[in-house]
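**Student:** Residues in the sequence shown are numbered consecutively from 1, following UniProt numbering.
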Amino acid sequence: MKTQHKRLLQRTYIVLIFGFMYLPIAVLIAYSFNENRSRAVFTGFTLDWYRSLFHNEMILSALGLSIVLAVVSSVVATVLGTLATIGINAMGRRAQLVINNISYVPVVNPEIITGVSLMLMFVLLQRAGLGGEGGIFGWATLLVAHITFNVPYVIFNVAPKLRQLDASLYNAALDLGCTPSQAFFKVILPQLTPAILSAFLICLTYSIDDFMISYFNCGTMQTLPIAIYSMTRRRVSPEINALSAVMFLVILSIILVSNAMDGRAYRRNQAAIRKSAAEA
């Protein structure tokens, strides 16, 4: 009897948690098809807000900037973070602890502090003569800011996978005649690829979603979250519901692709292990 009550409470708790998380999103998606501009009454189904969304030049311009910024910053952050992870892994235990703690600071730091601190750094660089007459704030500052907050996520995503690797495989590749670079690209990198791709997708999601850090370092440029914020200051348009629905579905698709890739890589590794065990 106690077990049944416990299971009922657990299931109720899970339903409530998922309800609080996803019910507002479901309502938002439903009202993106609302014929009426009202957010209180659903009067009928329409796709007009989606058509209007894809004819809104301000939103399309901000979306294009956000996508390019997210892709470029995620690629650079993934490369830098992966190289940093390899370097940290080669350090001593105490040095690893210090560097990991330092790397963790941007993750737990409030975004407003990170955004303001980066802005102050760029202001100092501008006073030092960088940026020319037009000022330093713009594409370059946005890119540096996004790379800065993305690198720690790459480190913490790739590091656990790197620690799980069997070091004897790398040494065996060296014994068989590979150079260190050949051993890395042929032995280490293929095993790290799922974690690296997962880190890239995480960076992509965070970069597209970021508002606070971008707001302080964008200059006159507008990313998509900043454009949405400027629209909500006037009035919440149904176009925002449509845009939010599209963004949610895109991010959900990225997560599903990432999980599918991780699962496929895991099954492939398990199949290789079973094959090696059978041959032995």
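Ideal placement from N, C-alpha and C gives every residue a C-beta, glycine not left out.
None of these values were measured; they are calculated from a predicted model.
What does a CB cutoff of less than 8 Å around Ile251 pick up in its chain, not counting 5 residues either side in sequence?
**Tutor:** Thr205, Ile208, Asp209
**Student:** In this structure, does DSSP put Asn34 in helix, strand or coil?
**Tutor:** strand
**Student:** Does Phe18 come out as helix, strand or coil in the three-state DSSP assignment?
**Tutor:** helix
**Student:** So what does DSSP say about Phe122, is it helix, strand or coil?
**Tutor:** helix
**Student:** Using 8 Å for Cβ pairs, my map puts Asn217 next to Phe137. What's the rounded Cβ distance?
**Tutor:** For a cut-off of 8 Å, the C-beta gap from Asn217 to Phe137 is around 6 Å, short enough to register as a contact.
**Student:** What does the alpha-carbon distance come out to for the pair Met247 and Ile255?
**Tutor:** The straight-line gap from Cα to Cα measures roughly 12 Å.
**Student:** With a 10 Å radius around its C-beta and 16 neighbouring C-beta atoms as the bar for buried, classify Asn101 as buried or exposed.
**Tutor:** exposed
**Student:** Within 10 angstroms of the Cβ of Tyr104, are there 16 or more other Cβ atoms? Answer buried if so, exposed if not.
**Tutor:** It counts as exposed.
**Student:** Roughly how many whole angstroms lie between the Cα atoms of Gly64 and Gln191?
**Tutor:** 33 Å
**Student:** How about the region 139-146 and the region 60-74: do they share at least three Cβ pairs that are nearer than 8 Å?
**Tutor:** yes
**Student:** Who are Phe45's beta bridge partners in DSSP?
**Tutor:** Asn34
**Student:** According to DSSP, is Leu176 helix, strand or coil?
**Tutor:** coil
**Student:** The alpha helix (DSSP H) with Gln164 in it runs from where to where?
**Tutor:** 139-164
**Student:** Might you give, ordered along the chain, the residues of its own chain that have their beta carbon closer than 6 Å to the beta carbon of Ala159, omitting 5 neighbours on each side?
**Tutor:** Contacts found: Thr85.
**Student:** Using only the alpha-carbon positions, how far apart do Leu23 and Asn241 sit?
**Tutor:** 14 Å
**Student:** Measuring alpha carbon to alpha carbon, tell me which residue in Ala245, Phe184, Thr78, Ser181 is nearest Trp49.
**Tutor:** Trp49 has its Cα closest to that of Ala245, out of Ala245, Phe184, Thr78, Ser181.
**Student:** For the alpha helix (DSSP H) containing Thr205, list its first residue and its last residue.
**Tutor:** 189-209
**Student:** Closer than 7 Å by C-beta to Ala195: which residues in its own chain qualify, once you throw out the five before and the five after it? Chain order, please.
**Tutor:** Asn157, Val158, Lys161
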